[in-house]
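Visitor: Sharing a structure below in structure tokens format, with a few things to ask.
Numbering (full-length UniProt numbering), first residue to last: 1 to 518.
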């Protein structure tokens, strides 16, 4: 899908090495030391040799990522400064340094210490390797035990006491360890067309592979200035996104594509509502990160099931938003890994505030709190103050709620498949509830619900009132977000009328057939 932004394009220079053209490619993020080592290797010069580089006119060229590129017709030449190129003073200085080094070596037994340190390092590396193998074996055993437990549960046919969550929190000392052997995803350079489309709610999320979605998410963080604002290591950002993807399950609805869908809508609303002009970059980072993490390790069974089935999550979180609390816990277990901590360079106090804000937003996605949160926002919206922290926090909670349930804002051909996915997940839960003798919600029962009946009430009484409240603060969303909701409501009401007419027709035909038999 296109290629990466220009800031990530590699740099190419051409060298004259023994009369032959040598092409050298390096990343713009390489350090000068790395580039010097690469030049030494390309020019058959021993590593750590002092070198300089000159152009065809003999002018010195700086050896760093900002060096000017050249062409095969204008070759640079790398010259070793340790092979006769030093002046007499430099030679004398080198001799003095060698003598001093030799005297220090004798006085402090440097060679012996070096050998001892090397041996100790070798021993430590061996221990680390052995410990790593043990961890792999332990993880394999845990996976085998989980499979055995699931098999015993399915054979038993009784109610499952614990929800099948990836991470068992009964061991308080356990830390989340995402797979270490995940390969780096290919870097896609996004076309200008894709970049513009990413900023709109009409973006079609169905035509993208996971690697492409990861690249899009990475682009969003760079484009919003979050990488610079939080001093993120770009490699750590990639590892974090891979860890996030690994910890979304393959549910029909609550999966990594849903995560991307919500995050893309958040990115779109940030741009559409010009939020960077009204809120801080820290707020942008909180909104995006909460959107990315908001459904981590969702098991495909909602809070009602967790509570009624008395699962481990419900017990752990005292029946209070068990899934949302679990999503938060998994999110910060991933961030606790140094290789995945995108906030590693943030000061401690600032990090505490970011963490609390992300938790607040993820917990706000529990639909059981919908009325409470929307009512609070309604009381603030007519006199909204962007300098009031309480007002801004309430807005952020409403924004993530909008993005979480925003599928019907998208074009029908993009939105409707999501309804099928959601109903499939609902039916999986209701089937299980029937098997376990638990209460079944009518809107999840395959024998009672249809696509139009599932959507009409949700759009009329949940989506439209919430988006129309946000519309008071951001009038620019009416045409691109609110009107599509009204159109979607009309679409499903028409479908319901057709379904009702077909049902009535069948009843009439059945009655006619019954009368004839008599």
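Think of the CB as a built atom: it goes at the ideal place given N, C-alpha and C, for glycine as much as any other residue.
#1: Restricting to Cα atoms, I'd like to know which of 31, 257, 231 is closest to residue 418.
#2: Following the continuous alpha helix (DSSP H) through residue 431, name the residue where it begins and the one where it ends.
#3: Looking only at DSSP bridge pairs, what is residue 483 linked to?
#4: When you compare only the Cα positions, how much space is there between residue 54 and residue 476?
#5: My parser needs the alpha helix (DSSP H) runs of 4 or more residues fully inside the region 245 to 274; what are they?
#6: Per DSSP, what kind of secondary structure is residue 157 in: helix, strand or coil?
#7: Report buried or exposed for residue 161, applying the criterion of at least 16 other Cβ atoms within 10 angstroms of its Cβ.
#8: The beta strand (DSSP E) that contains residue 448, what's its start and end?
#9: Which whole-angstrom value is the C-beta distance of residue 24 and residue 39, which I expect to be below 8 Å?
#10: Do you know whose CA, among 485, 326, 378, 355, lies nearest residue 405's CA?
#11: Straight-line CA distance for residue 47 to residue 81?
#12: Let me know the secondary structure DSSP gives residue 332 once reduced to three states.
#13: Three or more C-beta pairs closer than 8 Å, one from the region 319 to 332 and one from the region 288 to 307: is that the case here?
#14: Cα separation between residue 71 and residue 59?
#15: Does the region 188 to 201 come into contact with the region 248 to 257, if we say contact requires no fewer than three beta-carbon pairs (one atom in each stretch) closer than 8 Å?
#16: Identify every run of the alpha helix (DSSP H) within the region 309 to 384, keeping only runs that are complete inside it and at least 4 residues long; order them along the chain.
#17: Please report the distance separating the alpha-carbon of residue 275 from that of residue 331.
#18: With a Cβ-Cβ cutoff of 8 Å, do residue 451 and residue 423 count as a contact?
#19: Tell me whether the beta-carbon of residue 269 lies closer than 8 Å to the beta-carbon of residue 399.
#20: Can you list, in chain order, the residues of its chain whose CB lies under 7 Å from that of residue 473, leaving out five sequence neighbours each side?
#21: CA-CA distance, residue 278 and residue 230?
#22: I'd like the span of the beta strand (DSSP E) that includes residue 199, first residue to last.
#23: To the nearest angstrom, how far is it from the Cα of residue 351 to the Cα of residue 236?
#24: If you measure between the beta carbons of residue 42 and residue 21, is that distance less than 8 Å?
#25: Please state the DSSP three-state secondary structure of residue 75.
#26: Count the CB pairs spanning the region 351 to 363 and the region 383 to 397 that are closer than 8 Å, and state whether there are at least three.
#27: Taking just the CA atoms, how far does residue 49 sit from residue 84?
#28: Evaluate residue 206 with the Cβ neighbour count: other Cβ atoms within 10 Å of its Cβ, from every protein chain shown; 16 or more gives buried, anything less gives exposed.
#29: Got a sec? Which residues, its chain only, sit under 6 Å from residue 374 by beta carbon, not counting five neighbours each side?
#30: With a cut-off of 8 Å, do at least 3 Cβ pairs link the region 303 to 319 to the region 338 to 348?
#31: In the DSSP assignment, the beta strand (DSSP E) including residue 278 goes from what residue to what residue?
#32: Just to confirm the assignment, what range does the alpha helix (DSSP H) spanning residue 25 have?
#33: With 16 other CB atoms within 10 Å as the buried threshold, where does residue 408 fall?
#34: With a threshold of 16 other CB atoms inside 10 Å of the CB of residue 244, please say whether the residue is buried or exposed.
#35: Just to confirm, are residue 198 and residue 216 a CB contact at a threshold of 8 Å?
#36: Identify the continuous beta strand (DSSP E) that holds residue 11 and give its terminal residues.
Guide: Taking the coordinates as given:
#1: As a position in the chain shown, residue 418 is number 418, starting the count at 1. Measuring C-alpha to C-alpha distances from residue 418 to each of 31, 257, 231 identifies 257 as the nearest.
#2: For this step, residue 431 is matched to residue 431 along the chain shown. DSSP places residue 431 in the uninterrupted alpha helix (DSSP H) bounded by 412 to 436.
#3: Translated into the one-based positions of the chain shown, residue 483 becomes position 483. Residue 483 is not bridged to any residue.
#4: Start at 1 with the first residue of the chain shown, and residue 54 comes out as number 54. Start at 1 with the first residue of the chain shown, and residue 476 comes out as number 476. Put simply, the backbone Cα of residue 54 is about 57 Å away from that of residue 476.
#5: Within the region 245 to 274, the complete alpha helix (DSSP H) runs of at least 4 residues fall at 256 to 272.
#6: Your numbering for residue 157 matches position 157 in the chain shown. Because the pLDDT of residue 157 is 43, which lies under 50, any placement of that residue in the model is unreliable, and the number read from its coordinates should be weighed accordingly. Coil.
#7: To locate residue 161, count along the chain shown from 1; it is residue 161. Residue placement at residue 161 cannot be trusted, given a pLDDT of 40 that sits under 50; the coordinates are not used to answer.
#8: As a working mapping, residue 448 is identified with position 448 in the chain shown. Going by DSSP, residue 448 is part of no beta strand (DSSP E) at all; its letter is neither H nor E.
#9: Residue 24 sits at position 24 when you count from the first residue of the chain shown. Residue 39 sits at position 39 when you count from the first residue of the chain shown. For a cut-off of 8 Å, the C-beta gap from residue 24 to residue 39 is around 7 Å, short enough to register as a contact.
#10: Within the chain shown, the letter at position 405 stands for residue 405. For residue 405, the nearest C-alpha among the options comes from 485.
#11: In the chain shown, the residue the question calls residue 47 occupies position 47. In the chain shown, the residue the question calls residue 81 occupies position 81. For residue 47 and residue 81, the gap between their C-alpha atoms comes out near 13 Å.
#12: Against the chain shown, residue 332 aligns to sequence position 332. Helix at residue 332.
#13: The region 319 to 332 and the region 288 to 307 touch, with no fewer than 3 CB-CB distances between them shorter than 8 Å.
#14: Start at 1 with the first residue of the chain shown, and residue 71 comes out as number 71. Start at 1 with the first residue of the chain shown, and residue 59 comes out as number 59. The alpha-carbon atoms of residue 71 and residue 59 are separated by roughly 16 Å.
#15: No, the region 188 to 201 is not in contact with the region 248 to 257.
#16: For the region 309 to 384, whole alpha helix (DSSP H) runs of length 4 or above, ordered along the chain, are 312 to 316, 322 to 335, 348 to 363, 370 to 381.
#17: As a working note, residue 275 is residue 275 in the chain shown. As a working note, residue 331 is residue 331 in the chain shown. Distance from the CA atom of residue 275 to the CA atom of residue 331, rounded to whole angstroms, is 25 Å.
#18: By one-based count along the chain shown, residue 451 stands at place 451. By one-based count along the chain shown, residue 423 stands at place 423. It is a contact, given that the beta carbons lie within the stated cut-off.
#19: For this step, residue 269 is matched to residue 269 along the chain shown. For this step, residue 399 is matched to residue 399 along the chain shown. Result yes, Cβ atoms of residue 269 and residue 399 sit closer than 8 Å.
#20: Here residue 473 corresponds to residue number 473 of the chain shown, with the count starting at 1. Closer than 7 Å at the Cβ level, and outside the excluded window around residue 473, lie 381, 384.
#21: Counted from its first residue, the chain shown places residue 278 at position 278. Counted from its first residue, the chain shown places residue 230 at position 230. Cα-Cα distance, rounded: 19 Å.
#22: Position 199 of the chain shown, counted from the start, is the residue given in the question as residue 199. From DSSP, residue 199 is part of no beta strand (DSSP E); its letter is neither H nor E.
#23: The sequence position of residue 351 within the chain shown is 351, counting from 1. The sequence position of residue 236 within the chain shown is 236, counting from 1. Approximately 17 Å between the Cα atoms of the pair.
#24: As a working note, residue 42 is residue 42 in the chain shown. As a working note, residue 21 is residue 21 in the chain shown. Taking a C-beta distance under 8 Å as the contact criterion, residue 42 and residue 21 do not qualify as a contact pair.
#25: Walking along the chain shown from the start, residue 75 turns up at place 75. For residue 75, the three-state secondary structure derived from DSSP is coil.
#26: Contact between the region 351 to 363 and the region 383 to 397 is present, because at least three Cβ pairs lie under 8 Å.
#27: Along the chain shown, one-based indexing puts residue 84 at 84. Along the chain shown, one-based indexing puts residue 49 at 49. Reliability fails at residue 84, whose pLDDT of 48 lies under 50, so the model's placement of it is uncertain and the value that follows must be treated cautiously. For the pair residue 84 and residue 49, the Cα-to-Cα distance works out to about 13 Å.
#28: Within the chain shown, the letter at position 206 stands for residue 206. Residue 206 should be labelled exposed.
#29: Within the chain shown, the letter at position 374 stands for residue 374. Result list for residue 374: 466, in chain order.
#30: Touching, no, given that fewer than three Cβ pairs across the two stretches are closer than 8 Å.
#31: As a first step, residue 278 must be located in the chain shown, where it is residue number 278. Unbroken run through residue 278: none, as it is neither H nor E.
#32: Here residue 25 corresponds to residue number 25 of the chain shown, with the count starting at 1. No alpha helix (DSSP H) holds residue 25; the beta strand (DSSP E) holding it covers 20 to 26.
#33: Your numbering for residue 408 matches position 408 in the chain shown. A residue is called buried once 16 or more other Cβ atoms fall within 10 Å of its Cβ, and residue 408 is buried on that count.
#34: On the chain shown, position 244 is the one that residue 244 refers to. Buried, by the Cβ-count rule.
#35: Along the chain shown, one-based indexing puts residue 198 at 198. Along the chain shown, one-based indexing puts residue 216 at 216. Closer than 8 Å, so yes.
#36: By 1-based counting over the chain shown, the position of residue 11 is 11. Where residue 11 is concerned, the enclosing beta strand (DSSP E) stretches over 11 to 17.
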